[in-house]
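Contents: one structure, followed by commentary.
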Amino acid sequence: MDGFQVNFTEAMCLGASLALSGICYYVYRKSQTTVDELNNAPHFIIDGTLRDVLKVTPQAYLQYAVIEGVVKPEGEPLKSDFHKEISGVLQKFVLREHRLVWNSFLRRWTDDERVLHERVNATPFLLVGSDETEVKVLRPLQASGMHMEVIHEKFHQVNYGFTDLVGQFLSGQKPKGQLEIEEILKVGTTLTGVGELILNTDGTLILQPPSNGSEYFLSIADFDTLQGEKQNEAVCWKTLAVAFALAGAAVLVWVGLRHYRRLQVRWEQEKERREFERLQAEAPRLPAPADPGAGNDNHTENVCVICLSQPRDCILLNCGHVCCCYTCYQALPQRKCPICRQEISRVVPIYHT
Ligand SMILES: [Zn+2]
Ligand SMILES: [Zn+2]
Numbered sequence: 001m002d003g004f005q006v007n008f009t010e011a012m013c014l015g016a017s018l019a020l021s022g023i024c025y026y027v028y029r030k031s032q033t034t035v036d037e038l039n040n041a042p043h044f045i046i047d048g049t050l051r052d053v054l055k056v057t058p059q060a061y062l063q064y065a066v067i068e069g070v071v072k073p074e075g076e077p078l079k080s081d082f083h084k085e086i087s088g089v090l091q092k093f094v095l096r097e098h099r100l101v102w103n104s105f106l107r108r109w110t111d112d113e114r115v116l117h118e119r120v121n122a123t124p125f126l127l128v129g130s131d132e133t134e135v136k137v138l139r140p141l142q143a144s145g146m147h148m149e150v151i152h153e154k155f156h157q158v159n160y161g162f163t164d165l166v167g168q169f170l171s172g173q174k175p176k177g178q179l180e181i182e183e184i185l186k187v188g189t190t191l192t193g194v195g196e197l198i199l200n201t202d203g204t205l206i207l208q209p210p211s212n213g214s215e216y217f218l219s220i221a222d223f224d225t226l227q228g229e230k231q232n233e234a235v236c237w238k239t240l241a242v243a244f245a246l247a248g249a250a251v252l253v254w255v256g257l258r259h260y261r262r263l264q265v266r267w268e269q270e271k272e273r274r275e276f277e278r279l280q281a282e283a284p285r286l287p288a289p290a291d292p293g294a295g296n297d298n299h300t301e302n303v304c305v306i307c308l309s310q311p312r313d314c315i316l317l318n319c320g321h322v323c324c325c326y327t328c329y330q331a332l333p334q335r336k337c338p339i340c341r342q343e344i345s346r347v348v349p350i351y352h353t
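The numbers in our numbering rise by one with no breaks, and the one at position 52 of the sequence shown is 52.
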């Protein structure tokens with residue numbers, strides 16, 4: 001009996017789905033950990049009592065806390081490049097080229113984009129509470145969450161002449177245009193921050209990325225929205241992990257079914273062979289048929305039409321043809337008579353009389 005056989009495509013599908021399921025599960029676990037940490041993080045209002053709370057905590061720090069305050073620059077704020085009246089503390093400018101690239105595999109033009117230029121500026125800033133208590137925000141560029149808003153978005157279309165078209169045809173690239181985007185964290189925005197909260201020896205309050213590796217958040221959305229987004233993200237990754245695991249299981253079931261069908265055929269053959277041997281044993285004992293290799297005149301009539309060496313020893317039913325030996329009958333690729341192509345329903349041994 002040969003073992004469980006998996007072909008190359010099945011092995012690839014199985015491996016890919018299990019690997020993807022594993023990756024999705026890993027990301028899901030990470031997201032879920034963040035969701036749990038967000039759920040357990042204490043919320044504080046920025047006011048004088050925050051200092052008192054931190055004074056009584058060990059080492060004057062809270063590993064993961066949620067605060068909400070209004071953005072205020074420590075020094076001069078940054079000015080927007082496109083709207084001079086807007087000032088902020090974080091600014092990001094991206095120039096992106098949109099183009100069509102000839103895909104020789106798909107035989108068509110496909111959309112493509114690349115960043116031509118990216119610039120991020122930051123100035124130190126604080127989160128201010130209701131009674132002017134300030135919390136200094138450190139390393140804001142390491143934070144996740146939507147904390148900047150798009151204040152400028154413009155697409156510059158490219159116009160081209162005949163020579164450009166020829167050049168595009170030869171190079172396989174058609175520029176569509178350039179998109180410039182400016183994002184800014186405006187002064188005066190209410191910002192939710194989730195991170196490590198520290199009271200320095202000089203009395204300054206600081207929010208910074210958690211030293212234990214938990215995710216640092218700054219968001220212009222409120223805490224519930226942030227929490228909801230992370231929760232949805234975790235559910236998405238979990239669904240993907242389950243879907244890929246099911247795909248892997250489907251491949252295994254498919255391979256298992258095929259293996260089972262093969263075993264069934266073998267069991268049938270085995271049963272048939274035992275039945276054939278039983279009938280052969282019950283047959284009246286008669287002199288053995290002439291040796292097929294002895295140059296007998298009946299030689300070609302008696303010899304199996306397939307192997308041309310063994311004597312014909314079985315009758316194929318229902319057609320009744322006597323044309324092959326039992327070994328060759330079992331090796332037939334289909335259960336069809338080699339002479340008349342009729343379906344073989346049963347096979348019985350020949351009784352020499
Ligand atoms: Zn044969
Ligand atoms: Zn036949």
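Glycine included, every Cβ here is placed at the ideal spot set by N, Cα and C.
To the nearest angstrom, how far is it from the Cα of residue i to the Cα of residue j?
i: residue 163; j: residue 114; result: 24 Å
i: residue 235; j: residue 225; result: 15 Å
i: residue 14; j: residue 32; result: 26 Å
i: residue 99; j: residue 154; result: 16 Å
i: residue 240; j: residue 266; result: 39 Å
i: residue 306; j: residue 343; result: 18 Å
i: residue 141; j: residue 122; result: 8 Å
i: residue 332; j: residue 247; result: 36 Å
i: residue 232; j: residue 25; result: 15 Å
i: residue 103; j: residue 12; result: 26 Å
i: residue 261; j: residue 5; result: 12 Å
i: residue 201; j: residue 249; result: 58 Å
i: residue 101; j: residue 112; result: 6 Å
i: residue 41; j: residue 62; result: 10 Å
i: residue 57; j: residue 50; result: 11 Å
i: residue 43; j: residue 197; result: 11 Å
i: residue 322; j: residue 316; result: 6 Å
i: residue 216; j: residue 185; result: 17 Å
i: residue 7; j: residue 351; result: 44 Å
i: residue 30; j: residue 147; result: 22 Å
i: residue 60; j: residue 173; result: 59 Å
i: residue 149; j: residue 190; result: 12 Å
Checking 8 Å against the spacing of the C-beta atoms, do residue i and residue j come in under that value?
i: residue 55; j: residue 199; result: yes
i: residue 64; j: residue 214; result: yes
i: residue 117; j: residue 95; result: yes
i: residue 47; j: residue 133; result: yes
i: residue 87; j: residue 187; result: yes
i: residue 330; j: residue 274; result: no
i: residue 136; j: residue 218; result: no
i: residue 175; j: residue 97; result: yes
i: residue 251; j: residue 10; result: yes
i: residue 158; j: residue 145; result: no
Would residue i be called buried (16 or more neighbouring beta carbons within 10 Å of its own) or exposed?
i: residue 253; result: exposed
i: residue 313; result: buried
i: residue 339; result: exposed
i: residue 84; result: exposed
i: residue 166; result: exposed
i: residue 230; result: buried
i: residue 257; result: exposed
i: residue 287; result: Here the model assigns residue 287 a pLDDT of 49, short of 50, so the residue's position is not dependable, and the following value carries that caveat. Answer is exposed; the Cβ neighbour count stays below 16.
i: residue 120; result: exposed
i: residue 271; result: exposed
i: residue 80; result: buried
i: residue 281; result: exposed
i: residue 228; result: exposed
i: residue 35; result: buried
i: residue 326; result: buried
i: residue 82; result: exposed
i: residue 28; result: buried
i: residue 303; result: buried
i: residue 38; result: buried
i: residue 361; result: In the structure as shown, the chain begins at 1 and stops at 353. Residue 361 is therefore absent and cannot be evaluated.
i: residue 295; result: Per-residue confidence for residue 295 stands at a pLDDT of 46, beneath the threshold of 50, marking its modelled position as unreliable; the derived number appears in the next sentence. Burial call: exposed.
i: residue 337; result: buried
Out of the options, which one is the CA nearest neighbour of residue i?
i: residue 182; options: 16, 338, 336, 151; result: 151
i: residue 16; options: 194, 86, 245; result: 245
i: residue 156; options: 135, 134, 179; result: 179
i: residue 93; options: 22, 103, 78; result: 78
i: residue 20; options: 332, 229, 237, 217; result: 237
i: residue 309; options: 87, 324, 112, 123; result: 324
i: residue 356; options: 105, 126, 159, 242; result: The displayed coordinates of the chain run from 1 to 353. Any statement about residue 356 would go beyond what the structure contains.
i: residue 70; options: 22, 106, 221; result: 221
i: residue 143; options: 209, 59, 11, 334; result: 209
i: residue 90; options: 101, 74, 34, 349; result: 74
i: residue 45; options: 35, 67, 38, 30; result: 67
i: residue 319; options: 311, 107, 345; result: 345
i: residue 278; options: 304, 347, 60; result: 347
Does the Cβ of residue i lie closer than 7 Å to at least one heavy atom of ligand 4?
i: residue 350; result: The model depicted lacks ligand 4 and carries ligand 1 and ligand 2 instead.
Beta carbon shell of ligand 1 at less than 7 Å from a heavy atom: 304, 306, 307, 309, 310, 324, 325, 327, 328
Shell residues, 6 Å Cβ cut-off relative to heavy atoms of ligand 2: 316, 319, 321, 337, 339, 340, 342
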